[in-house]
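In this note's numbering, the protein residues as written are 27 to 289.
Glycine included, every Cβ here is placed at the ideal spot set by N, Cα and C.
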């Protein structure tokens with residue numbers, strides 16, 4: 027017996043919807059890894075398409091079916107484009123939107139002892155496909171925690187200086203692959219000191235003194251990172267949003283930069 031397609035019924039209200047779909051879908055994923063070839067993680071996924079005014083609804087199960095077809099593939103901009111094309115084709119849509127958010131892990135050696143441990147970063151991809159303009163766009167994102175030490179505090183204090191953790195929220199558009207590891211290295215070198223998971227006492231001494239000898243305002247960190255992104259010819263657009271979780275103030279400090287290098 028053929029069941030009635032309620033979603034496919036004609037709607038007479040003449041209101042198109044920008045996005046309809048599924049969100050907060052947690053799935054295992056395979057990610058590209060610069061050092062090890064691949065790594066496994068869990069992603070929170072949003073999938074959506076545009077809905078013309080004449081359709082009452084979309085077919086939600088098809089989002090899951092399409093995603094299941096790619097469960098063995100490494101997630102990359104190319105994979106996202108293929109998923110977006112399938113979404114448009116199988117859901118009769120002109121636009122598709124995709125978001126993958128996940129933990130990305132690297133092995134990181136302590137600066138003196140060289141002991142290695144895992145450290146994780148919040149990373150992701152966002153992509154959208156517009157068949158009307160034949161345009162596909164992807165944004166790569168990562169949040170990198172660093173230490174910042176206040177230059178003003180160091181200058182005016184008889185000893186010591188206040189320091190804190192800052193979160194560098196970085197998004198880029200690129201014309202070729204930029205590894206997460208490369209973005210992490212750019213971000214970490216822009217603060218006063220990187221963060222580590224495993225530190226022995228000689229490592230802790232080194233990190234503390236390195237930060238003290240490399241003071242950075244949140245503004246300094248944003249500008250240092252912008253210089254590195256400007257120098258990378260692969261990157262055509264970036265957005266930097268840095269929040270300094272202040273240790274001696276009851277508020278945070280922040281700095282933002284957005285640049286389109288093609289303009």
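Classify residue 79 as helix, strand or coil using the three-state DSSP reduction.
Within the chain shown, residue 79 is the residue found at index 53, counting from 1. Coil, per DSSP.
Using the three-state DSSP reduction, which class does residue 165 fall into: helix, strand or coil?
On the chain shown, residue 165 is found 139 positions in, with the first residue counted as 1. In the structure shown, residue 165 sits in a strand (DSSP, three-state: E or B).
Would residue 28 be called buried (16 or more neighbouring beta carbons within 10 Å of its own) or exposed?
The residue given as residue 28 occupies position 2 in the chain shown. By the 10 Å Cβ count, residue 28 comes out exposed.
Does residue 51 come out as helix, strand or coil in the three-state DSSP assignment?
Here residue 51 refers to the residue found at position 25 when the chain shown is read from its first residue. Reduced to three states, the DSSP call for residue 51 is strand.
Restricting to Cα atoms, I'd like to know which of 276, 265, 279 is closest to residue 287.
Working through the chain shown from its first residue, we reach residue 287 at position 261. The candidate whose alpha carbon is nearest that of residue 287 is 265.
Can residue 169 and residue 193 be called in contact, C-beta distance under 7 Å?
In the chain shown, the residue the question calls residue 169 occupies position 143. In the chain shown, the residue the question calls residue 193 occupies position 167. For the pair residue 169 and residue 193, the CB atoms are nearer than the 7 Å cut-off.
With 16 other CB atoms within 10 Å as the buried threshold, where does residue 212 fall?
Within the chain shown, residue 212 is the residue found at index 186, counting from 1. It is buried - the Cβ of residue 212 has at least 16 other Cβ atoms within 10 Å.
Selection from 141, 119, 148, 140 that minimises the alpha carbon distance to residue 129:
Here the question's residue 129 lines up with position 103 in the chain shown. Residue 148 is the option with its Cα nearest to residue 129.
Going straight from the alpha carbon of residue 37 to that of residue 90, what length do you get?
Taking the chain shown and counting its residues from 1, the one referred to as residue 37 is at position 11. Taking the chain shown and counting its residues from 1, the one referred to as residue 90 is at position 64. Roughly 24 Å between the two C-alpha positions.
Label residue 183 either buried or exposed according to how many other C-beta atoms from any shown protein chain fall within 10 Å of its C-beta, with 16 as the threshold for buried.
Against the chain shown, residue 183 aligns to sequence position 157. The residue in question, residue 183, is exposed, as its Cβ has fewer than 16 Cβ neighbours within 10 Å.
Simplified DSSP assignment, three categories, for residue 138
As a first step, residue 138 must be located in the chain shown, where it is residue number 112. Three-state result, residue 138: coil.
On a Cα-Cα basis, can you pick out the residue from 164, 185, 84 that is closest to residue 104?
Locating residue 104 in the chain shown gives position 78, where the first residue counts as 1. Considering only 164, 185, 84, the residue with the shortest C-alpha distance to residue 104 is 164.
Would you kindly work out how many angstroms separate the C-alpha atoms of residue 263 and residue 60, rounded to a whole number?
Here residue 263 refers to the residue found at position 237 when the chain shown is read from its first residue. Here residue 60 refers to the residue found at position 34 when the chain shown is read from its first residue. In this structure, the straight-line span from the alpha carbon of residue 263 to that of residue 60 is close to 22 Å.
Taking only runs that begin and end inside the stretch 211–269, name each unbroken alpha helix (DSSP H) of 4 or more residues, in chain order.
Taking only runs of at least 4 residues, the alpha helix (DSSP H) segments lying wholly in the stretch 211–269 are 227–238, 244–257.
Expected contact under 8 Å - CB spacing of residue 140 and residue 76 to nearest Å:
Sequence index remark: in the chain shown, residue 140 carries index 114 (1-based). Sequence index remark: in the chain shown, residue 76 carries index 50 (1-based). That pair is no contact at about 52 Å.
Excluding the 5 residues flanking residue 250 on each side, which residues of the same chain have their C-beta closer than 6 Å to its C-beta?
Position 224 of the chain shown holds residue 250. So the list reads 216, once near-sequence residues are dropped.
For residue 157 and residue 245, the rounded distance between their alpha carbons
The residue you call residue 245 lines up with position 219 of the chain shown. The residue you call residue 157 lines up with position 131 of the chain shown. Here the C-alpha atom of residue 245 lies approximately 40 Å from the C-alpha atom of residue 157.
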